[in-house]
Amino acid sequence: MMTLDSFKQARRVLHGVIRQTNLIYSEYFSGETGNQVYLKPENMQVTGAYKIRGAYYTISTLSEEEKAKGLVTASAGNHAQGVAYAAQKAGVAATIVMPTTTPLIKVNNTKSYGANVILHGTTFDDAAEEASRLSAEEGLTYVHPFNDLRVATGQGTISYEIFSDLPDVNVILVPIGGGGLASGVATYAKILNPGVKVIGVEPTGAASMKACLEAGKIVTTPTIETIADGVAVKTPGDKVFPYIQQNIDEIITIDDQELVSAFLDMTEKHKMIVENAGLLSVAALYHLKDLGIQGQNVVPIMTGGNMDIITMSSLIQHGLILRGRIFTFSVLLPDQPGQLLLVADILAKEDGNIIKLEHNQFVNINRQSGVELRVTLEAFGNAHKEKILNALTQAGFCAREVDPVL
1 MMTLDSFKQA RRVLHGVIRQ TNLIYSEYFS GETGNQVYLK PENMQVTGAY KIRGAYYTIS
61 TLSEEEKAKG LVTASAGNHA QGVAYAAQKA GVAATIVMPT TTPLIKVNNT KSYGANVILH
121 GTTFDDAAEE ASRLSAEEGL TYVHPFNDLR VATGQGTISY EIFSDLPDVN VILVPIGGGG
181 LASGVATYAK ILNPGVKVIG VEPTGAASMK ACLEAGKIVT TPTIETIADG VAVKTPGDKV
241 FPYIQQNIDE IITIDDQELV SAFLDMTEKH KMIVENAGLL SVAALYHLKD LGIQGQNVVP
301 IMTGGNMDII TMSSLIQHGL ILRGRIFTFS VLLPDQPGQL LLVADILAKE DGNIIKLEHN
361 QFVNINRQSG VELRVTLEAF GNAHKEKILN ALTQAGFCAR EVDPVL
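Our numbering applies: residue 1 is where the sequence shown begins, and numbers increase by one.
Shown next as structure tokens:
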């Protein structure tokens, strides 16, 4: 069971192993959301995510016989690194099964800690099935990523640190995948202060725990689709579920588009890289007013920061497009000298910064019917974008916005 004594034991084991990820007051998010927001940056943790807590603590509880068999686990990436790191420190062999869709940075980091990595299936559940098979056939000790109360206890040590930094915290926002983190954090938080509100956050496309709570039992979500790979779990843990039922006050669901916006905010305003699953709690800040939560001390737990460069680049581009800071328009021009100059003059007067320009004379069979000009611009936001498009219209150009190709 998860008790005050077990949480204290986990803290003793983890002392000197994990980093102190002290709360960071966010003036930006506080101003945006009407609450006092303090970020819990577990993206700065050893191995780049909170998962080291549960993995290290669990492995510390194993018998010498269990460790001698070798370890196996399944993970979308962060638990993999936690187990690999802890196994290396303990001098134990570890096999990690990861989905083939796992970001390269997580695969390479796991290998760098000396683990044997097997890529299998396209989802966490596929990888978990393979890890279970290896455990049964080869006698390996399975360290479950979330459905283990020892793992959940290790993750729950986050709550002690939150209360140490902010004793009068009112609300804790915690991402939910399989439920290990949320159950540990919520249980320990309620022990420390039964009045604190703990809100779970899931992607709309993978709201498995919400489905379980509504059903009153563990159910499997048939399909999941989300960019938050760290919480893409079809079947939450049955061992941690009772703790979720008892201690989670609410669940908020977040669309992927909101995670794109949150990534841009976190990168620009706090100069921190937070992976999509870790951004769930940040995006949830904007939903608190719908729950009547205003003027409160709120702590969103940012669970990890292991993101590959290509994904970062994609999120930045989509974020800029979403906010109207990059856009592309198409306009048909008479095939006459000086037409391009007229358009460029309007853009210059409206402070539009040209990123790319394509002048296609062959869009029509009859060139006299018009040539197509496609311009990709940098703007200050959606209002500025509309101002530029209106200026083109007023000048007699029929400009239409099209999908940018960067």
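All C-beta atoms, glycine included, are put in the ideal place defined by N, C-alpha and C.
These numbers were taken from a predicted model, which means no experiment stands behind them.
Inter-residue distance for Glu275 and Asn306 is about 6 Å (C-alpha atoms, whole angstroms). Pro194 sits in coil when the DSSP states are folded into three classes, being neither helix nor strand. Excluding sequence positions up to five before and after Lys269, its CB lies within less than 7 Å of the CB of Tyr28, all in the same chain and listed in chain order. Between the alpha carbons of Ser330 and Glu350 lies a distance of about 17 Å. Distance from the CA atom of Met209 to the CA atom of Glu137, rounded to whole angstroms, is 30 Å. Positions of the beta strand (DSSP E) runs, each at least 3 residues long and wholly inside the segment 268-307, are given as 297-302 in order along the chain.
Counting of Cβ neighbours within 10 angstroms places Asp238 among the exposed residues, the total staying below 16.
For Asn116, the enclosing beta strand (DSSP E) covers residues 116-119. Counting along the chain, Lys356 sits inside the beta strand (DSSP E) bounded by residues 353-360.
Judged by their CB atoms, Val92 and Met98 are not nearer to each other than the 8 Å cut-off. Burial state of Glu225 is exposed, judged by a 10 Å Cβ sphere holding fewer than 16 other Cβ atoms. Just measuring C-alpha positions, the residue of Leu288, Ile273, Leu71, Gly200 sitting nearest Gln246 is Gly200. Excluding sequence positions up to five before and after Thr204, its CB lies within less than 6 Å of the CB of Thr253, Asp255, all in the same chain and listed in chain order. By the Cβ neighbour-count rule, Leu4 is exposed, with fewer than 16 other Cβ atoms within 10 Å of its own.
When the alpha-carbon of Thr311 is set against those of Phe263, Leu173, Tyr142, Phe241, the nearest one is in Phe263.
When Cβ pairs closer than 8 Å are counted between the two stretches, the segment 177-190 is seen to touch the segment 148-162, the count reaching three or more. By the criterion of a C-beta distance shorter than 6 Å, Asn116 is surrounded in its chain by Thr95, once the five residues flanking it on both sides are discounted. DSSP, read as helix, strand or coil, puts Gly200 in strand. For Gln36, the enclosing beta strand (DSSP E) begins and ends at 36-41. Bounds of the alpha helix (DSSP H) holding Ala127 are 124-138. Residue range 371-378 is occupied by the beta strand (DSSP E) that includes Val371. Taking each of Ile273, Leu288, Arg325 in turn and checking the Cα distance to Thr303, the smallest one comes out for Ile273. Pro222 counts as exposed, since fewer than 16 other beta carbons sit within 10 angstroms of its beta carbon.
In terms of Cβ geometry, Val219 and Asn297 do not form a close pair [threshold 8 Å].
Sequence-distant Cβ neighbours of Gln294 in its own chain, meaning closer than 6 Å and more than five residues away, are Gly34.
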